[in-house]
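Novice: Going by UniProt numbering, the letters in the sequence shown line up with residues 1 to 327, in that order.
For each residue, glycine too, the CB sits at the ideal point set by N, CA and C.
Let me give you the structure first, and then I'll get to my questions.
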Amino acid sequence: MRLRTPLALLGAAVLVLVGPPLLTTGSGTETGTRIPGLRLMVPNTPGGGYDITARTAARNAEDAGLTHNIQVFNLPGAGGTVGLSRLVSEHGNGKLAMSMGLGVVGAVRSNDAPKTLGDTTPIARLTEEQDVVVVAEDSPYRTIDDLIDAWRDAPGRLPVGGGSSPGGPDHLAPMLMARAAGIAPKQVNYIPFDGGGELLASILGNKVGFGVSGVGEYLDQIKAGELRLLAVTGPERVPGLDAPTLQEAGYDVNFTNWRGLVAPPGLTDAERDTLVALAEELHDSDEWRTSLKQNGWDDAFLTGEEFGDFLDAEDKRVVSVLKELGL
């Protein structure tokens, strides 16, 4: 995450197996990345950013011959903290990892979760991406200025949907937008969804005035004309998409999200090193580089202890902002 403006933040589950295990003929023996029985947990619903990242990483790792039969499964709930608790309870399990990102950092704080990312084994930060501001194709808002003007007139009556809990990226981005547009963040009617997949139906059905989510989650719907893209939140336009940055449009916001992988606590050095090696080989593969481009993701690779330090800094940043806002 990059935050270059003053920011504002507002402050059981059922295991769902989605899709069959992915298959490959590669073994990963030569690179020391083979982990028989590896399972990759997605802590929100199918179709969201964590889900797309996890399934893309699994498919690419197998296509590159790094390992095989990775089982990807969804365990949604409480902004990712249900999955986090499950991960931490799997102490010493070197055959489990979880897809996660800034949304889990925020959810831990907004839900006062008993387990934090500090209880996990950091593996790698994989990607960084911009958020997109989107509306349904039949929305009356044709431009970002149209939307902001209507939002200023009645911020409480124009709900914004996001695929993360308060404190997560899809909540943070519209709070930054509101502040830049002169709207008090506490007036914003933010409706959280458990991932971009759930959010999509509400945007298309005009149940929310607009939605904010990761660019990779809605590329297909934008290109198909089902969603109208009004703006992107990062420092530069997204190649292939016809929409200004918020800064271009006159709103002082520069925001990007990130995603990565963590594993249970209590791993041996060898187990941790094998998971890190798998992430490193994935990062260097042609398959992964192609996926980065196709999904509009930026390379933000960071591993091991450096990634752990980054997670600590992100947690402190969220706590600091929540305190600043009295939330």
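Helix, strand or coil: how does DSSP classify D312 here?
Specialist: Taking the sequence shown and counting its residues from 1, one reaches residue 312 at position 312. Here D312 sits in helix by DSSP.
Novice: As an exercise, report each continuous beta strand (DSSP E) stretch of at least 3 residues that is fully enclosed by the stretch 138-219, in chain order.
Specialist: Listed in chain order, they are 160-162, 190-192, 210-214.
Novice: Figure out for me which residue from N257, H68, N69, S99 has the closest Cα to the Cα of V82.
Specialist: Working through the sequence shown from its first residue, we reach residue 82 at position 82. Of the listed residues, the one whose Cα sits closest to V82 is S99.
Novice: In angstroms with no decimal places, state the Cα-to-Cα distance between K115 and L219.
Specialist: In the sequence shown, counting from the first residue as 1, residue 115 sits at position 115. In the sequence shown, counting from the first residue as 1, residue 219 sits at position 219. When rounded, the distance between both Cα atoms is 33 Å.
Novice: Could you give the residue range of the beta strand (DSSP E) that holds R59?
Specialist: Against the sequence shown, residue 59 aligns to sequence position 59. Counting along the chain, R59 falls outside any beta strand (DSSP E), though it belongs to the alpha helix (DSSP H) covering 49-63.
Novice: Nearest-angstrom Cα distance between K95 and D145?
Specialist: Taking the sequence shown and counting its residues from 1, one reaches residue 95 at position 95. Taking the sequence shown and counting its residues from 1, one reaches residue 145 at position 145. Straight-line Cα distance between these residues: approximately 49 Å.
Novice: Which residues bound the beta strand (DSSP E) around G94?
Specialist: Counting from one through the sequence shown, the residue named residue 94 turns up at place 94. That residue, G94, is in no beta strand (DSSP E); it is neither H nor E in DSSP.
Novice: Is it right to say Q187 is buried, meaning 16 or more other beta carbons lie within 10 angstroms of its own, or is it exposed?
Specialist: Looking up residue 187 in the sequence shown gives position 187. Classification for Q187: exposed.
Novice: Closest to V135 by C-alpha separation, out of L158, L126, L311, P122, would be which residue?
Specialist: Within the sequence shown, residue 135 is the residue found at index 135, counting from 1. The option with the nearest alpha carbon to V135 is L158.
Novice: In the DSSP assignment, the beta strand (DSSP E) including G260 goes from what residue to what residue?
Specialist: In the sequence shown, residue 260 corresponds to position 260, counting from 1. 255-263 is the extent of the beta strand (DSSP E) around G260.
Novice: Taking the alpha-carbon of G308 as reference, which of D299, G65, A263 has the nearest alpha-carbon?
Specialist: In the sequence shown, the residue the question calls residue 308 occupies position 308. Minimum Cα distance to G308 is reached at A263.
Novice: With C-beta atoms as the reference, is A57 less than 9 Å away from L275?
Specialist: Position 57 of the sequence shown, counting from 1, holds the residue named residue 57. Position 275 of the sequence shown, counting from 1, holds the residue named residue 275. No, the pair does not count as a contact, with Cβ atoms beyond the cut-off.
Novice: Who does T121 pair with in a DSSP beta bridge?
Specialist: Position 121 of the sequence shown, counted from the start, is the residue given in the question as residue 121. Note: T121 sits in a beta bridge opposite A263.
Novice: For E62 and R142, I'd like the C-alpha separation in whole angstroms.
Specialist: Translated into positions along the sequence shown, residue 62 becomes position 62. Translated into positions along the sequence shown, residue 142 becomes position 142. Cα to Cα, the separation comes out at about 42 Å.
Novice: Do the stretch 187-205 and the stretch 160-176 touch if we need at least three Cβ pairs shorter than 8 Å?
Specialist: The stretch 187-205, when compared against the stretch 160-176, does touch it at the 8 Å Cβ threshold.
Novice: Thinking just about the alpha-carbon of each residue, which of L227, I222, G250, A224 is nearest to the one in P235?
Specialist: For this step, residue 235 is matched to residue 235 along the sequence shown. P235 has its Cα closest to that of G250, out of L227, I222, G250, A224.
Novice: Less than 7 Å between C-beta atoms, sequence neighbours within five positions excluded: which residues of the same chain meet that for V208?
Specialist: The residue you call residue 208 lines up with position 208 of the sequence shown. P159, V160, G161, I191, S202.
Novice: Can you check whether the CB of E217 is closer than 9 Å to the CB of I35?
Specialist: The count along the sequence shown starts at 1 and reaches residue 35 at position 35. The count along the sequence shown starts at 1 and reaches residue 217 at position 217. Not in contact: I35 and E217 (Cβ atoms no closer than 9 Å).
Novice: Just curious, the beta strand (DSSP E) that D299 is in, first and last residue?
Specialist: Reading the sequence shown from its first residue, position 299 is the one you call residue 299. Note, D299: beta strand (DSSP E), 298-303.
Novice: Once the 5 residues before and after P122 are set aside, which same chain residues still bring their CB inside 7 Å of it?
Specialist: On the sequence shown, position 122 is the one that residue 122 refers to. Closer than 7 Å at Cβ, skipping near neighbours: V262, G304, F307, G308, L311.
Novice: Looking only at its chain, what residues have a beta carbon closer than 7 Å to the beta carbon of P265, apart from the 5 residues adjacent to it on each side?
Specialist: On the sequence shown, residue 265 is found 265 positions in, with the first residue counted as 1. The answer, listed in chain order, is V88, H91, D119, T120, T121.
Novice: Is the CB-CB distance between G168 and L102 below 9 Å?
Specialist: In the sequence shown, the residue the question calls residue 168 occupies position 168. In the sequence shown, the residue the question calls residue 102 occupies position 102. Contact: yes.
Novice: Could you give the distance in angstroms between the alpha-carbon of L302 and the alpha-carbon of L227?
Specialist: To locate residue 302, count along the sequence shown from 1; it is residue 302. To locate residue 227, count along the sequence shown from 1; it is residue 227. Between L302 and L227, the C-alpha separation is close to 33 Å.
Novice: Taking buried to mean at least 16 other C-beta atoms within 10 Å of its own C-beta, is P155 buried or exposed?
Specialist: Your numbering for residue 155 matches position 155 in the sequence shown. Result: buried.
Novice: For R125, which residues from the same chain have a beta carbon less than 7 Å from its beta carbon, with the 5 sequence-adjacent residues on both sides left out?
Specialist: By 1-based counting over the sequence shown, the position of residue 125 is 125. Counting only Cβ-Cβ distances below 7 Å, and skipping sequence neighbours, we find W258, G260, A300, F301, L302, F307, F310.
Novice: Using CA coordinates, which residue listed in A173, T33, T245 is at the minimum distance from G65?
Specialist: Mapped onto the sequence shown, residue 65 falls at position 65. Answer by Cα proximity: T33.
Novice: If I'm right that T127 touches P76 with Cβ under 8 Å, what's the distance once you round it to whole angstroms?
Specialist: The residue labelled residue 127 in the question sits at position 127 within the sequence shown. The residue labelled residue 76 in the question sits at position 76 within the sequence shown. Not a contact, Cβ separation roughly 20 Å.
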